[in-house]
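Residue numbers (our numbering): 246 to 623.
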């Protein structure tokens, strides 16, 4: 998660893991780089996802993470601001410690139009989507009130969460699992299918084309499949492909205006699960507010899993925080968006030897095609 933990106006970031302690840390930006601080010093069975909100109403963002397929718990950590000690863990509280296991994705928002913020989360073991109301005394209430708003009985797991006012009624709708969820007048939720083949997907939603309903972007996070954006036309969702080939384990998806032209762009990136997919690609697909997206390559060969977009150097432009799943871990990579221009918009990659029988070490420049401009070989 990218979030301003210490309230200094500069974004920090949070990283969690499931195999060792400490399970959760945050990185604080300073004049000499990033300093690591503890959040959770013990090992926990944490699932992908996470969200932040001022749960205890004390003016700073608290953190939420859920358990994986070995845990039926969801936790929140109390931000200790304004006093931070890099070696002292935060206080951990329970949200859920009952029911079924696995909680892939969480999201805060007012989804029932009651003026209060709720926590939405998938519980894959229960095959259900839940809303949790923040209790009056969250520091001491160890079980938040839960409301099941959707359940599936068969087929692929559902995952991915975003929010947008799809039907224009002024209420934020949940989007995920290839569906969007409408809060109806009788207080229940109605599921509307966008694309049932995109149940097991990453999702983003926003105004890719000004006017009309928000658009939705879906792509498979843990499989190979199409990356597509969807528009709602006369009550039907129309899919539009974004890449010429399937995305491979595209477990990173976000919307941001990378080039400062006022149009939302799409960031998507592939995993290198177990070291495979050596040409895993990171794209920024530049939008034009008219439904056309131009793919530009940020980098290739890096593993990305739940990588995030946010301003990491305080210049007001969206940067990329790259986190792999198990490729060359532990590691983090940051790509800084140093100027508002198309990323690599005039470059074309040519493969000379796809086997590459040895480690890549060297970079050389030269005019390889005789056009008077230096090219890059590596």
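Cβ atoms here follow ideal geometry from the backbone N, Cα and C, with glycine treated the same way.
Check the DSSP bridge columns for residue i and list the partner residues they point to.
i           : result
residue 261 : 269
residue 540 : 530
residue 486 : 473
residue 620 : 611
residue 361 : In the DSSP output, where bridge partners are listed per residue, residue 361 has none listed.
residue 580 : 565
residue 554 : 565
residue 320 : 310, 339
residue 457 : Bridge partners of residue 457: none, in fact.
residue 298 : 307
residue 448 : 463
residue 594 : Note: residue 594 sits in no beta bridge, so no partner.
residue 231 : This structure gives no information on residue 231, because the portion of the chain shown stretches from 246 to 623.
So, with DSSP's three-state summary, where would you put residue i?
i           : result
residue 481 : strand
residue 370 : helix
residue 442 : helix
residue 310 : strand
residue 587 : Confidence is the limiting factor: at residue 587 the pLDDT is only 48, short of 50, which leaves the residue's position unreliable and the question unanswerable from this model.
residue 520 : helix
residue 338 : strand
residue 353 : strand
residue 464 : strand
residue 503 : coil
residue 392 : strand
residue 404 : strand
residue 565 : strand
residue 248 : strand
residue 276 : coil
residue 375 : strand
residue 381 : coil
residue 329 : coil
residue 285 : strand
residue 254 : coil
residue 315 : coil
residue 514 : strand
residue 545 : strand
residue 605 : coil
Would you say residue i and residue j are within 7 Å of each other, going by their C-beta atoms?
i           : j           : result
residue 460 : residue 476 : yes
residue 572 : residue 520 : yes
residue 241 : residue 350 : Beyond the ends of the chain as shown, which are 246 and 623, falls residue 241; an answer cannot be given.
residue 508 : residue 534 : yes
residue 322 : residue 284 : yes
residue 423 : residue 441 : yes
residue 281 : residue 270 : yes
residue 307 : residue 324 : yes
residue 488 : residue 511 : no
residue 314 : residue 347 : yes
residue 545 : residue 526 : yes
residue 298 : residue 246 : no
residue 370 : residue 401 : no
residue 454 : residue 505 : no
residue 317 : residue 557 : no
residue 396 : residue 365 : no
residue 305 : residue 326 : yes
7 Å is my cut-off, CB to CB: does residue i come that close to chain E?
i           : result
residue 250 : No chain E is present in this structure, which holds just one protein chain.
Exercise. In the stretch 406-436, which residue ranges form an unbroken beta strand (DSSP E) of at least 3 residues, counting only runs that do not cross its ends?
Worked result: 407-409, 418-421, 424-428
Exercise. Is there contact here, the stretch 469-477 with the stretch 500-510, by at least three beta-carbon pairs under 8 Å?
Worked result: no
Exercise. Within the chosen definition, does the stretch 561-568 reach the stretch 602-621 through at least 3 CB pairs nearer than 8 Å?
Worked result: no
Problem set entry | At least three beta-carbon pairs within less than 8 Å, the stretch 378-392 to the stretch 407-424 | no
Exercise. Can at least three beta-carbon pairs, one atom from the stretch 394-411 and one from the stretch 331-344, be found at a separation below 8 Å?
Worked result: no
For this session: Tell me, please, whether the stretch 328-335 touches the stretch 351-359 by the rule of three or more beta-carbon pairs shorter than 8 Å.
Result: no
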